[in-house]
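Heads up: the structure comes next, in C-alpha cells.
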Amino acid sequence: FEQPNTYNSGTLYIAAIFFTFQIYCDFSGYSDIAIGTARLLGFRLMTNFSYPYFSRDMAEFWRRWHISLSTWFRDYLYIPLGGSRGGKTQAIRNTFIIFIVSGFWHGANWTFRFWGLLNALYFLPLLLSGQNRRFQSIVAGTSWRPTLNDFLRILITFHLALIAWIFFRASSISDAWSYIISMCAFQSGTSYRSTQMFVFIHIGFLLLMEWRGRRYSFALTASVLPRSRIGRYTLYNLIITYILLYMETDEVPFLYFQF
Numbered sequence: 002f003e004q005p006n007t008y009n010s011g012t013l014y015i016a017a018i019f020f021t022f023q024i025y026c027d028f029s030g031y032s033d034i035a036i037g038t039a040r041l042l043g044f045r046l047m048t049n050f051s052y053p054y055f056s057r058d059m060a061e062f063w064r065r066w067h068i069s070l071s072t073w074f075r076d077y078l079y080i081p082l083g084g085s086r087g088g089k090t091q092a093i094r095n096t097f098i099i100f101i102v103s104g105f106w107h108g109a110n111w112t113f114r115f116w117g118l119l120n121a122l123y124f125l126p127l128l129l130s131g132q133n134r135r136f137q138s139i140v141a142g143t144s145w146r147p148t149l150n151d152f153l154r155i156l157i158t159f160h161l162a163l164i165a166w167i168f169f170r171a172s173s174i175s176d177a178w179s180y181i182i183s184m185c186a187f188q189s190g191t192s193y194r195s196t197q198m199f200v201f202i203h204i205g206f207l208l209l210m211e212w213r214g215r216r217y218s219f220a221l222t223a224s225v226l227p228r229s230r231i232g233r234y235t236l237y238n239l240i241i242t243y244i245l246l247y248m249e250t251d252e253v254p255f256l257y258f259q260f
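The sequence shown begins at 2 in the numbering used here and counts up by one.
In C-alpha cells form, the structure reads like this:
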C-alpha cells in the first residue's frame with residue numbers, strides 16, 4: 002500500500018483481498034471478544050457483525066457491518082435530521098451526511114472522508130430506485146447454496162467493498178488511485194507463493210464455516226456444531242491449532258483501536 006507502483010496487478014489484487022479479510026477478522030474478532038467477556042460478567046451486548054461479506058448489495062452490507070455504529074448513526078443523526086420523511090432529496094442529503102460523518106469519525110485524513118463519500122455513492126442508486134431495503138434476510142435461507150444471481154450479487158458487493166477499503170487503508174487519496182490503477186492494469190508476471198495459497202485455503206475454510214452458520218448470530222452456535230462428541234472436539238482442537246499457528250508472540254494492537 003505504501004508503494005503500489007512497484008508491484009504487479011495480481012499482487013496488488015491479492016493484497017487488497019487480504020486487507021478486506023484482515024479488517025473484518027480484526028474488528029469482528031475483537032467485537033466477539035467484548036461480547037463474550039461481557040456475557041461472562043452477566044451482560045448481553047448486541048451482535049456487531051452479521052456476515053457482511055455475504056451481502057447482496059451495499060445497503061445490506063451496511064446493515065451487517067459494525068451494526069452498533071450504523072444503528073447509532075441512524076437513531077441519533079439520520080432520524081433527527083428528518084430521515085426520509087421529506088422525500089428523496091432529503092433522504093439523499095441525510096445519507097451523504099451520515100456516511101461522510103462516518104468518515105470523519107474514523108479520522109481527519111481525506112482518505113476516510115473519501116471512503117465515506119464512496120459508500121454514499123454506492124448507496125445512492127439503491128436509494129433512488131427504492132431497493133435499499135430489498136434484502137432483509139440472510140442469503141439463500143435454508144438452502145446450502147446460493148442461486149447464481151445471489152452469488153454474482155455477493156461477488157460484486159464484495160469487490161465494491163474491496164475498492165472502498167483501498168481508500169480506507171491507503172496513506173493518501175493519490176496513493177489509493179495509484180493502487181487501483183496499477184491493480185486494474187492486468188500486468189503479467191504474478192507469482193503465487195505457497196504462503197499465499199495457504200492463506201487462501203484457510204480463508205475459504207473459515208468462510209464455509211460462516212456460510213454453514215449464517216442463519217445464527219454466531220457461526221459456531223450449538224445448532225451448527227457436529228452432533229457427535231468426536232466431531233465437536235475435533236473442530237475445537239482445529240480452532241485451537243489455528244490460534245497456536247497464527248498467534249503473534251509480540252503485542253499487535255487491533256487495527257480498529259486507532260479509531
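Beta carbons: idealized from backbone N, C-alpha and C, even for Gly.
Note that the structure is predicted; figures quoted are calculated from it, not measured.
Asked: Buried or exposed for Pro81, going by 16 or more other Cβ atoms inside 10 Å?; Found: exposed
Asked: Does the count of Cβ pairs from the segment 112-130 and the segment 153-172 closer than 8 Å reach three?; Found: yes
Asked: Label Tyr237 either buried or exposed according to how many other C-beta atoms from any shown protein chain fall within 10 Å of its C-beta, with 16 as the threshold for buried.; Found: exposed
Asked: Taking 8 Å as the limit between beta carbons, can you name the residues of its chain near Phe105, skipping five residues before and five after?; Found: Phe113, Arg114 and Gly117
Asked: In the DSSP assignment, find the alpha helix (DSSP H) that holds Pro126 and state where it starts and stops.; Found: Trp111 to Leu129
Asked: Is the segment 131-140 touching the segment 60-69, taking contact as three or more C-beta pairs under 8 Å?; Found: yes
Asked: Expressed to the nearest angstrom, what Euclidean distance is found between the alpha-carbon atoms of Gly88 and Arg154?; Found: 28 Å
Asked: If distances are taken between C-alpha atoms only, which option among Tyr54, Phe219 and Asn110 comes closest to Gln259?; Found: Asn110
Asked: Tell me which residues share the same chain as Ile99 and place their Cβ nearer than 7 Å to its Cβ, disregarding the 5 neighbours each side in the sequence.; Found: Phe74, Leu78 and Tyr79
Asked: For Ser218 and Thr38, which I take to be in contact (beta-carbon distance under 8 Å), what is that distance rounded to the nearest angstrom?; Found: That belief does not hold up - the Cβ atoms of Ser218 and Thr38 are roughly 16 Å apart, past 8 Å.
Asked: Tell me the rounded alpha-carbon separation between Thr143 and Ser179.; Found: 42 Å
Asked: In the structure shown, what three-state DSSP assignment does His160 receive?; Found: helix
Asked: If you run the structure through DSSP and keep just helix, strand and coil, what is Met248?; Found: coil
Asked: What separation, rounded to the nearest whole angstrom, lies between the Cα atoms of Asp76 and Gly83?; Found: 11 Å
Asked: At the level of alpha carbons, what is the spacing between Ile18 and Ile182?; Found: 16 Å
Asked: With burial defined as no fewer than 16 other Cβ atoms inside 10 Å of the residue's Cβ, what is the status of Arg40: buried or exposed?; Found: exposed
Asked: So for Asn133, helix, strand or coil by DSSP?; Found: coil
Asked: Return the CA-CA distance between Ala16 and Ser173, expressed in angstroms with no decimal places.; Found: 17 Å
Asked: Taking buried to mean at least 16 other C-beta atoms within 10 Å of its own C-beta, is Ala186 buried or exposed?; Found: exposed
Asked: Select from Phe152, Thr72 and Ser103 the residue whose C-alpha is nearest the C-alpha of Ser1.; Found: It is not possible to answer for residue 1, since the shown part of the chain is limited to 2 through 260.
Asked: To the nearest angstrom, how far is it from the Cα of Phe199 to the Cα of Gln91?; Found: 48 Å
Asked: For Ile139, which three-state DSSP category applies?; Found: coil
Asked: Output the distance between the C-alpha atoms of Leu125 and Thr72, rounded to the nearest integer angstrom.; Found: 19 Å
Asked: For Asn6, count the other beta carbons within 10 Å of its own beta carbon; 16 or more makes it buried, fewer makes it exposed. Which is it?; Found: exposed
Asked: If you drop the 5 nearest sequence neighbours on each side, which residues of the same chain put their C-beta closer than 6 Å to that of Gln188?; Found: Asn9 and Ser10
Asked: Going along the chain, which residues of its own chain have a beta-carbon closer than 7 Å to the beta-carbon of Phe22, five neighbours each way excluded?; Found: Ile204
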